[in-house]
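See structure below.
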Amino acid sequence: MEMTNGINIVKSKEKIQKESCVKKRSEDLISVLKGKKVTILGHDNIDVDATLSGILMSKLLDFLKIDNEFIIIEEVKRNETYEIIEETIGIDMRKWQVKGENPKRELFLVDHFETIHSGHVVGCIDHHPTKQEKGYEFKYTRKSCATAYLIYEIMKEVNFPITKEDVKMVIVAMMVDTVSFRSSKTIPKEAEEAKELARQYGIKYFQLERYCLCLTPIDKMSKAEIISNGQKWYNYNGHKVGSSYVQIYEMPNKELISEWLSSLKEKLRDTNSDMLVFIIANMKSNTTYEYQITKEEITRYVKNGILSRGQDIMPEIEAKYINR
């Protein structure tokens, strides 16, 4: 009996510590942003998670009575990201499109931790932890299925009145970023919670799961669009590195891949980059093909499973440049 009581006491202390940490996170967010006009910004070449995270973050700050705006600085095109958000959520991304820079902006970054855009970065929420130190006033980064899920966590902390639309945005962001929970990025506990949330809110989970495999429609895309699909840029210890990817059902012929790699070699030169990383996720064989293109060579890696760019591939490349 005494041992049981002892265990209960330990569990109680652990629960108190966890609640204290949670409370501090939401309190820190409010403390840092209160009194500011906050501009929420997703990364360039904005994707589904960055867009839906920006919308959810804006809703959260509205609830906390913090003046804010979510903006998309780049031109919004009718691409895969646009279509997914329009078809699953019924939202037109163009609503948040703006033009021009403003150095007076107080930027809050979602789904990335650094930006080339003008303004003062006050904080970020990102599910891609990095070794690079950023002295932001607020930062919440950890491995997760999507940044939208991290924002959902804070919503729960402050008793935000979560709607069916909010839950659907979180689930869609998680599924798209993990290839419907097939990627190595998937956190099983979060995936199970997504399924339970869908049940609670009457969302057709399996219909979304099939849709969010998000195969890249390469037969409808130009070569330039294919090699730039999902493009992100990184600065690793002063080295410019770009990455892009396609998700396909099975590998195309070698001649077509050679054409893509030749175009990537030209793009490397034209963008004055140190490396371009091109990733092909083959859903049929559950295999990831990674091509590292540098001025000297093109190196191919074949890896079992659908690997996460942010969790598995880019951190290894970042480590190489940081260690240099």
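So in numbering that gives the first Met the number 0, the last one in the sequence shown is 323, and the numbering has no gaps at all. C-beta atoms are modelled at their ideal positions from N, C-alpha and C, and glycine is treated no differently. Here the structure is a predicted model, which means the values were calculated and not measured.
A distance below 8 Å separates the beta carbons of lysine 184 and glycine 309. Annotation: isoleucine 170 to glutamine 230 spans about 23 Å, alpha carbon to alpha carbon.
If you compare the alpha carbons of Met173, Val301, Tyr204 and Lys319 with that of aspartate 48, the shortest gap goes to Met173.
Annotation for glutamate 86: Tyr210 place their beta carbon closer than 8 Å to its own, counting only its chain and skipping 5 residues before and after.
Of the residues Ile70, Lys36, Leu63 and Ile305, the one whose Cα lies closest to the Cα of leucine 51 is Ile70.
Of all C-beta pairs linking the stretch 245-263 to the stretch 110-128, fewer than three are shorter than 8 Å, placing the two stretches out of contact. Residues Ala190 of the same chain have their beta carbon placed closer than 6 Å to that of phenylalanine 180, with the five preceding and five following residues left out of the count.
Residue pairing by DSSP places glutamate 289 opposite Ile278 and Tyr300 in a beta bridge.
Put simply, the backbone Cα of isoleucine 292 is about 14 Å away from that of isoleucine 312. The DSSP-derived three-state label of aspartate 61 is helix. Contact between the stretch 274-291 and the stretch 89-105 is not established, with fewer than three Cβ pairs separated by less than 8 Å.
Under a 10 Å Cβ-count criterion, histidine 42 is classified as buried, with 16 or more other Cβ atoms of the shown protein chains found around its own Cβ. Rounded to the nearest angstrom, the Cβ distance from aspartate 273 to lysine 239 is 6 Å, consistent with a contact under 8 Å. When secondary structure is reduced to three states using DSSP, isoleucine 150 falls in the helix class.
Comparing C-alpha distances from leucine 260 to each of Trp232, Tyr235, Lys294 and Asn285 shows the shortest one belongs to Lys294. If you look at tyrosine 139, you'll find it in the beta strand (DSSP E) that goes 137-140. Fully enclosed beta strand (DSSP E) runs of no fewer than 3 residues occupy 105-109, 119-125 and 137-140 of the stretch 101-185, in order along the chain. The DSSP-derived three-state label of glutamate 295 is coil.
Contact between the stretch 232-246 and the stretch 190-204 is absent, with fewer than three C-beta pairs closer than 8 Å.
Annotation for glutamate 105: Lys35, Lys36, Val37, Thr38, Gly118, His119 and Val121 place their beta carbon closer than 7 Å to its own, counting only its chain and skipping 5 residues before and after. In the three-state DSSP reduction, threonine 215 falls in the coil class, being neither helix nor strand. Taken atom to atom, the span from the alpha-carbon of valine 276 to that of glycine 241 is near 6 Å. Excluding residues up to 5 positions away in sequence, Gly309 lie with their Cβ nearer than 6 Å to the Cβ of histidine 127 in the same chain. DSSP, reduced to helix, strand and coil, places tyrosine 235 within a strand of the structure shown.
Cβ neighbours of lysine 167 within its own chain (closer than 6 Å, five residues either side excluded): Ile202.
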